[in-house]
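J.:
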DNA sequence: ATTACTAAAACCCGAGTAG
DNA sequence: TCTACTCGGGTTTTAGTAA
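Residue numbers (this note's numbering), protein chains in the order written: chain H, 1 to 237; chain Y, 1001 to 1237.
1) Residue 1228 of chain Y and residue 1183 of chain Y - do their beta-carbons sit closer together than 8 Å?
2) Using CA coordinates, which residue listed in H/216, H/205 and H/44 is at the minimum distance from residue 141 of chain H?
3) In whole angstroms, give me the CA-to-CA distance for residue 1233 of chain Y and residue 1137 of chain Y.
4) Would you kindly work out how many angstroms separate the C-alpha atoms of residue 1201 of chain Y and residue 1226 of chain Y, rounded to a whole number?
5) Would you call residue 17 of chain H buried or exposed, if buried means 16 or more other Cβ atoms sit within 10 Å of its Cβ?
6) Report the rounded CA-to-CA distance for residue 172 of chain H versus residue 163 of chain H, giving the unit in angstroms.
7) Count the other CB atoms, across all protein chains shown, that sit within 10 Å of the CB of residue 66 of chain H; report buried if there are 16 or more and exposed otherwise.
8) Using the beta-carbon count (16 or more within 10 Å), is residue 1103 of chain Y buried or exposed?
9) Please report whether the beta-carbon of residue 1201 of chain Y lies at a distance below 8 Å from any beta-carbon of chain H.
10) For residue 175 of chain H and residue 128 of chain H, I'd like the C-alpha separation in whole angstroms.
11) Which ranges would you report for the alpha helix (DSSP H) in the stretch 1026 to 1071 of chain Y if only whole runs of at least 4 residues count?
12) Measuring only the C-alpha atoms, how far is residue 143 of chain H from residue 51 of chain H?
13) For residue 207 of chain H, I'd like the list of residues in its chain whose CB is within less than 6 Å of its CB, leaving aside the five on either flank, ordered along the chain.
14) With H, G and I counted as helix, E and B as strand and the rest as coil, what does DSSP make of residue 201 of chain H?
15) With a threshold of 7 Å on Cβ separation, who are the neighbours of residue 230 of chain H within its own chain once the five nearest residues in sequence on each side are excluded?
16) Note down, in chain order, each residue of its chain lying with its Cβ closer than 7 Å to the Cβ of residue 1077 of chain Y, except the 5 sequence neighbours on either side.
17) Among Y/1166, Y/1167 and Y/1218, whose alpha-carbon lies nearest the alpha-carbon of residue 1189 of chain Y?
18) Considering only DSSP beta bridges, list what residue 1104 of chain Y is partnered with.
19) Please report the distance separating the alpha-carbon of residue 91 of chain H from that of residue 13 of chain H.
20) Give me the residue from Y/1093, Y/1039, Y/1083 and Y/1034 with the minimum Cα distance to residue 1069 of chain Y.
21) Which runs of the alpha helix (DSSP H) at least 4 residues long sit entirely within the stretch 124 to 201 of chain H? Give them in chain order.
22) Please determine, among Y/1030, Y/1130, Y/1191 and Y/1021, the residue with the shortest C-alpha to C-alpha distance to residue 1039 of chain Y.
23) Please classify residue 132 of chain H as buried or exposed, where buried requires at least 16 other C-beta atoms within 10 Å of its C-beta.
24) I need the straight-line Cα distance from residue 152 of chain H to residue 1119 of chain Y, nearest angstrom please.
25) Is it buried or exposed, residue 1192 of chain Y, if we count other Cβ atoms within 10 angstroms and call 16 or more buried?
26) By how many angstroms is the C-alpha of residue 89 of chain H removed from the C-alpha of residue 1081 of chain Y?
27) With DSSP as the reference, label residue 212 of chain H as helix, strand or coil.
28) So, does the CB of residue 22 of chain H fall closer than 8 Å to a CB anywhere in chain Y?
29) Would the beta-carbon of residue 93 of chain H fall within 8 Å of that of residue 1023 of chain Y?
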């Protein structure tokens, strides 16, 4: 790991100052700001803000031209790098998090999709298993839901292609490979998939899971049981 | 912006402690750690580490069970949220950064691709312009290159589909919509595209740009001139 | 207006140590 | 062993103020 040079305690406040400056800066990563203004942003005095800018300059995280009425600041590559390192580390942390959901009633809209012939064959081929013709609904809390949506945005979906029949048109359906297991028995896991139905009527924080067996029987589940999902990043290219 | 509750100065060190804990934690965001161990990780004393854990508990960023030989810590939703907020803010910062590249010699491998008939029609259709049959090469510095690769990973490429002829097979080519302009004359911008050739022989930090006009003439460029790229997130769905 | 110095106040850290 | 308290010392902050 090349990214393991963590910020030293004496630079915590400098790091946050750098962060605030980049947050307020233009797309060129430069800005004009007075020490009073920065002080307000950071909730510290003008004097402290001034010292922060001095420190940042010494760390070579910023460059500056101090003028009579403020200073022109631009963040250096080194500075950007500090932010980028943190970004990558946070991403790694969020990526490793397991998503926990609670088994909830209803077989869901998703079951309907699975049983449509035009889709079914593709599910079989592209997911690598013959899905049970119904889905398990999991209710996520707000945090897990946000993280799941974030993760989903970052990985390539398994695309089940839409098609037309005489009667109607069926759109693409996106799936995400996961492993599912009971929170209290994590060893017992099963390949499955999240069925991403584009904002249908049920609430955003309920997701539907496809798997080969009928999961309620397979894991002996009842409503309220907690299940754990682990997203699979590695889809075939 | 709902995310504007920034960390207060008195919590900087607590935030970093939370960050370190999540970095070291399992996928369940829990871990067993003694205050001495945490102290070593954070470069502070056992006493300070202990105080940090107390603070984190009071902030409700962690839950803990203190035992005789260490403590079992798990990060709460609230804690994860703190990390997630920072992650999102850093992502926004990195996303807004302009990529700066230096005009460099050579028309590049990419020009060859453009002129292939099977591709050309698609370039025309999918990029919205008839590309000049050659590319402008830009050399990126390490930081800009890292950020560009990161951004590229997050957005959907414009896919120019591969095809077969009698003689050989041509693979998919990925492009990314950008606006390009001279660093010193940012107003003068032009729709263009990054041609993402899968790791061909030229160095990773040189990218090739497609545009309708011959950019060297259009902008009156010479080698070493700095150009600015702004990635377009909004691809058609 | 600014930035940034000095000095006093406030805060934080870690040694010693109890439980 | 652990955690976590007290307290002295050191660091950081801010107020006052100069440039």
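By construction, the Cβ of each residue, glycine as well, lies at the ideal position given by its N, Cα and C atoms.
T.: Quick answer:
1) In this structure, residue 1228 of chain Y lies closer than 8 Å to residue 1183 of chain Y by Cβ.
2) Closest option to residue 141 of chain H, Cα to Cα, is H/205.
3) In this structure, the straight-line span from the alpha carbon of residue 1233 of chain Y to that of residue 1137 of chain Y is close to 22 Å.
4) Interpretation of residue 1201 of chain Y is limited by its pLDDT of 49, a score under 50 that renders its predicted location unreliable; no figure is taken from the coordinates.
5) buried
6) 8 Å
7) exposed
8) buried
9) Low per-residue confidence applies at residue 1201 of chain Y: pLDDT is 49, beneath 50, and the placement is therefore not dependable enough to give any value.
10) 12 Å
11) 1035 to 1042 and 1046 to 1058
12) 37 Å
13) 138 and 194
14) Reliability fails at residue 201 of chain H, whose pLDDT of 49 lies under 50, so the model's placement of it is uncertain and no value is given.
15) The residues are 98, 178 and 179.
16) none
17) A check of alpha carbon separations from residue 1189 of chain Y across Y/1166, Y/1167 and Y/1218 identifies Y/1218 as the nearest.
18) Y/1137
19) So the alpha carbons of these two residues sit roughly 22 Å apart.
20) Y/1034
21) 142 to 154
22) Y/1021
23) buried
24) 30 Å
25) buried
26) 15 Å
27) coil
28) yes
29) yes
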